[in-house]
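Order-wise, the sequence lines are chains A and B.
For the first sequence, my numbering gives the first residue as 11, with consecutive numbering after it.
For the second sequence, my numbering gives the first residue as 11, with consecutive numbering after it.
Even glycine gets a Cβ: it sits at the ideal position worked out from N, Cα and C.
Written out below as structure tokens is the structure these notes cover.
Protein chains: 2
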Amino acid sequence: MPRVLFLPFQVEEEVFPDETIIDVAMRLGIHINASCGGLGTCNKCKVIVESGEVKGERIEEIYYKACTLKPIADVVIRIPVESRYDRRALIRKNRAQALERVEKIPLNPPIKKLYLELTSPTIEDNTPDLERLFFALKEKGYEEVRIPPELLRGLPYILRKGDFKITLTLFNEGLSKGVIITDIEAGDTRENNLGVAIDLGTTTLQLELIDLNSGRVLAHTSDYNPQLSFGEDVISRIEFARKKEGLRLLSERVRERLFILMEELVKEADRKLEEINVVSLAGNTVMTHLFLELEPKFLREHPYVPVAKNYPVFFAKELSIPLKENVPFLFAPSVASYVGGDITAGVLASMMAKEPYLTLFIDLGTNGEIVVGNQDFLMCAACSAGPAFEGGGIKHGMRATSGAIESVSIDPLDYEPMIITIGKKRAKGLCGSGIISLLASLMRTGLIDRMGKYRRDLKHPRLRRGEEGYEYVLVYKDDSATGQDIVFTENDIENLIRAKGAMFAGYQILLESVGLSLSDLERVFLAGTFGSFIDLEDAITIGLLPDLPRDRFYFLGNTSLQGAKKVLLSVEKREELYRIAQMMTHVELSNHPRYMDYYMAALFLPHTQEELFPSIKIRS
Amino acid sequence: MPRVLFLPFQVEEEVFPDETIIDVAMRLGIHINASCGGLGTCNKCKVIVESGEVKGERIEEIYYKACTLKPIADVVIRIPVESRYDRRALIRKNRAQALERVEKIPLNPPIKKLYLELTSPTIEDNTPDLERLFFALKEKGYEEVRIPPELLRGLPYILRKGDFKITLTLFNEGLSKGVIITDIEAGDTRENNLGVAIDLGTTTLQLELIDLNSGRVLAHTSDYNPQLSFGEDVISRIEFARKKEGLRLLSERVRERLFILMEELVKEADRKLEEINVVSLAGNTVMTHLFLELEPKFLREHPYVPVAKNYPVFFAKELSIPLKENVPFLFAPSVASYVGGDITAGVLASMMAKEPYLTLFIDLGTNGEIVVGNQDFLMCAACSAGPAFEGGGIKHGMRATSGAIESVSIDPLDYEPMIITIGKKRAKGLCGSGIISLLASLMRTGLIDRMGKYRRDLKHPRLRRGEEGYEYVLVYKDDSATGQDIVFTENDIENLIRAKGAMFAGYQILLESVGLSLSDLERVFLAGTFGSFIDLEDAITIGLLPDLPRDRFYFLGNTSLQGAKKVLLSVEKREELYRIAQMMTHVELSNHPRYMDYYMAALFLPHTQEELFPSIKIRS
């Protein structure tokens, strides 16, 4: 990979494939004014190529547009910052390191295929078909076997079609030693045995098709949760479920969509729908309730009681999903109303419950769930952080899709912003990472004080009093995709402070409840897409993450999906998942006597107690 | 009860309520000419009342019609037999004694109702509904509990409706220690717990509604099996099932009819359909297959393999029967293709497998099944007797309904018949008991020889050559309900001889297979309606039953229904039923090396070996 040396900063860095100079600059915390998001229309991001071979668009003869500029070999780039150069702006961006946890799992899937060569009946041995089958199963050690009606009805035909050589699909429900026959096929079909792992997210559905014979992922797909059209977050879905037929509708929609996605999966892998023998799902408590058509309203009403946390196995026919009728659906167990199967599966995937290191696991999606612990204990809580970090409750917030501002830098001298959008499109709004990035930049430049209020004394065209009070104009309407100014209001900031305060107070309460504190944390695991896009420095700067050595932070990716997959690979993993759920002590934060104190103290940027954030130096 | 003394025979007998003098005479074997079946139209049954008080119709001043005559107090009746009197006609009719086997069964039904007062959730204990329930069940000793989807979905509402006081209906499937929750009701509903016992007959459906709290029968109903319109016997039903949608149609029809009958039952008992918590069925192998929609054709095809003999439990929803969705249906296990659950349930009801007495159990319905054994062993077989004893394959045979000739006597001197019909209606045809009675009478009067051929040398208007060879006219068309002569052909007799020969050879093979013979039999149990109507003397005379002391014969009634009922009363009885089925060794008669010899030897009246029927004296 080519390298770039930025002057006058004397900072050198590798350039990853597809990165432009503006991407690298943003990564390094080098400010270059830019308001078009990287699209190439604002003509502000002028840089000088001092040496090296480049591709890109020229401007005003001597400059290149940084947002189009790609080095072919090593280059030296000078940023024309002139006298305004301020070293303080150079805050190196820092993603958490990826932690690919490869666990060696001996394959022992919950679904077994068993090939049997039965003896054909004769007049001397005209044992009935079912008893002939059961006898052979007994010889293989299966004593208690159940057969569903449809399969019993089909048994005589399959047996004779396969000349009494058949392959059974067996499922151990895990309740007893007994097994259920979930499919019977003529001949030897052992090589076809697929499972589907599903992350049942409030916003996104993620699916993987797994070959249960090899453990390999054959295909992956994802889509929005179709319930989004009935409500963005779990609360609004619960409300929608109160309507007549509301619950049924929510449930049917997501089941239908998942079936379509499963069809896509098998098509992509060139396999057949009939080869799917098991589905493993992990979702939060509300999503799992809605999927199963279990009444969710009591989750919201005092005293917040789920219908179930250890969900029984459901079969495809019981869910009206047109897979083979007896395909079992396994659900990751919940711990509480707002600590669900996505978290238990996440903890399973993270392996934190098998290791001695004190770990803080954070899943900041539509809700914020946290777990603190290690092999000896697990404490968990749901933080009422709300969807602010997904753009919810933020005036120009939006989901992380094309046109969303994902990264922001503000020049500390002239307060002009540099933005990068997803897909390098005209900006439509701010997604989570952009919001955090912006808030951190506002702090660093001193545009806001520690309570999150804009400096009233500063005269700057981007700082103004809007309809909802003071705001900073990030993108003027001429540069935006919406034809409107994209602004960031004090209301937005207040919402963010509340959200990050709730998270931070949560970490503290969980740690305190076991007599520990933040500095004892040996690792911080960031789960979900949020974890992979967030900038560590920014998140710590605003007080969303604790101020710990950066090498203790890891992002784990979609741990919910990873956990759901592990359940498919091994019955021991499913048992471990249940042990984890059992082990997780839930702390009801809203109910905790000291929660309010911690929360109030966290309603500062980064925090009332500055000593908790020693590495964060901000203007004030 | 008044008594009647018949002169000149000097035979005295009690008169049962509703009996007329002709009924008593028939019972005693005293012949009175009568061809109207008891309707009072033929004016032939003239008797003289010598003393006593009577009600009835006079005829020719000094006579009464015997068919209308009822004694009010003791009477003396003279039969005007004059010189034609022949003592040999006096064959006292003899029903087998009823054996009401009252077994004390400590109530332990397969369905239990359990009342639970759960604690209401609080913010300190917001355990989910399902786990709250399971915890309470664990305290009661139920460790492995399954809950069906519908009940889980309804759980939060029921719990709150009943203020967390609920009644569970629990079913132990018998496969493991686990139980299934089959219903959940708000409040204490323990007093409502009903079961339905069903005899799933080829011809008739018999149902009883049982209160599982007391074991009492609350209602009884019966109807023809609606499958009759698709075929009279099991073979023709199997053939019908081969047609497109044939099996589904047969299955649906009987399930629909049974549901209607269950509605009748609860209505009669003033109970609710929702109180039914379990259904126990006993039927032959073909009927059970058809009910469950299991392919029956292999039962008929060499090597005669049922789909199953130990049928899994099916739930109402799996059978599309609109009871509560999770009501379990329990099926008495079969032993072989033609020894079904009606027989295993029958043996259970008879208690023969718990006693030391060597017993022959005979169920002569549409098929003929026999069991020989006691507490130490059980041998069973299906005799291909066909439906002759139900009127099938007999020219004027019919089922035992109104107008069927159920009893016949023939005057040994003038060969004139005396007949009694069911309901005292004009004769339509002959039912089973009438057929046996007629054949025995023909033997006693010497109208047929021991090969079942009419005496060619005898000139009598009732003996004639018809379209199908020689025949005896039992009812002239003027007296019949059909406007046609009712005749009994040599073909009919041949069919009957084959049928009774098949039965008799069956008894002998089963006994021989355990080194015993007919004379070792300590008891003969007659099951089914046939057993209750058959005349012992007649049945022994024709060689259908072995010639044993008459006090060894018992009729047991509908043992299939009784067995189905016992299963409802106690799980131990269900276990005993399975032990019985396991213990029953099936002998394939058609395959037995000595069967043909025994069968050929039995194609005589009563038998080739006269010494087997020492008490039977017939003219020849």
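Not flagged as an interface residue toward chain A: B/T213, since no C-beta distance is shorter than 8 Å. Rounded to the nearest angstrom, the gap between the Cα atoms of B/Q619 and A/L126 is 52 Å.
Cβ proximity to chain B below 7 Å picks out V317, A318, K319, N320, P322, F324 and E328 from the region 317-336 of chain A. Per DSSP, A/Q518 is one residue of the alpha helix (DSSP H) stretching across E500 to S523. Within the same chain, V244, R247, I248, P306 and L309 come within 7 Å of A/V296 by CB-CB distance, once the 5 residues on both sides are set aside. A/Q107 and A/L579 have their C-alpha atoms spaced approximately 26 Å apart. In the three-state reduction of the DSSP assignment, A/E60 falls in the strand class.
For A/N136, the neighbours in chain B by C-beta distance under 7 Å run, in chain order, P313, Y314 and V315. Per the Cβ contact rule, the region 520-534 of chain A is in contact with the region 553-565 of chain A (3 or more Cβ pairs under 8 Å). Using a Cβ distance threshold of 8 Å, A/D502 and A/I429 do not count as a contacting pair.
The alpha carbon of A/R263 has as its nearest neighbour, out of A/G256, A/P236, A/A346 and A/I458, the alpha carbon of A/P236. Under the Cβ criterion of 8 Å, A/D280 is not counted among the residues facing chain B.
A/G356: member of the alpha helix (DSSP H) spanning G351 to S360, first to last residue. By the Cβ-count criterion, A/I270 is exposed, with fewer than 16 other Cβ atoms from all chains shown falling within 10 Å of its own Cβ. Distance check between A/G256 and each of A/D193, A/M272 and A/S239 places A/S239 closest, using alpha-carbon atoms only. In this structure the region 343-352 of chain B does not touch the region 485-502 of chain B; the number of beta carbon pairs closer than 8 Å is below three. The three-state secondary structure of B/K65, taken from DSSP, is strand. The three-state secondary structure of A/V337, taken from DSSP, is coil. A/L468 carries a coil assignment under DSSP once its states are collapsed to helix, strand and coil. Excluding residues up to 5 positions away in sequence, S443 lie with their Cβ nearer than 6 Å to the Cβ of B/I544 in the same chain.
In this structure A/T214 is in contact with A/Y234, their Cβ atoms being roughly 6 Å apart against a cut-off of 8 Å. Checking the DSSP bridge columns, you'll see B/A207 partnered with B/E218 and B/S290. Against A/I133, the close residues of chain B are H312, P313, Y314, E598 and N601, in the order they occur along the chain (beta-carbon pairs closer than 8 Å). A residue is called buried when at least 16 other Cβ atoms come within 10 angstroms of its Cβ; B/D561 does not meet this threshold and is exposed. Within chain B, the C-beta atoms nearer than 7 Å to that of A/E303 come from R163, in chain order.
In this structure, B/L506 and B/L449 form a Cβ contact; the two beta carbons are roughly 6 Å apart against a cut-off of 8 Å. Close CB contacts of A/D84 within its chain, under the 6 Å cut and outside five residues either way in sequence, are with P12, R13 and G62 (chain order). Taking 3 residues as the shortest admissible run, the region 107-148 of chain B contains the following complete beta strand (DSSP E) segments, listed from N- to C-terminal end: 121-127. Assignment of B/V244 by DSSP, reduced to helix, strand and coil, places it in the helix class.
When Cβ-Cβ separations below 8 Å define contact, A/P166 makes contact with chain B. Inside the region 268-312 of chain B, DSSP marks whole beta strand (DSSP E) runs of 3 or more residues at positions 286-293, from first to last along the chain. In this chain, B/D33 is not harboured by any beta strand (DSSP E); it is covered by the alpha helix (DSSP H) spanning I31 to L38.
The beta carbon of B/L368 sits closer than 8 Å to those of V382, G383, N384, L526, D530, L531, E532 and R533, all from its chain and outside the five residues before and after it, given in chain order. In the three-state scheme derived from DSSP, where H, G and I count as helix and E and B as strand, B/M606 is classed as helix. Residues of chain B with a Cβ closer than 9 Å to the Cβ of A/P159 are, in chain order, L302, E303, P322, F324, F325, E328 and L329. Using a Cβ-Cβ cut-off of 8 Å, A/E141 is close to A318, K319 and N320 of chain B, given in chain order.
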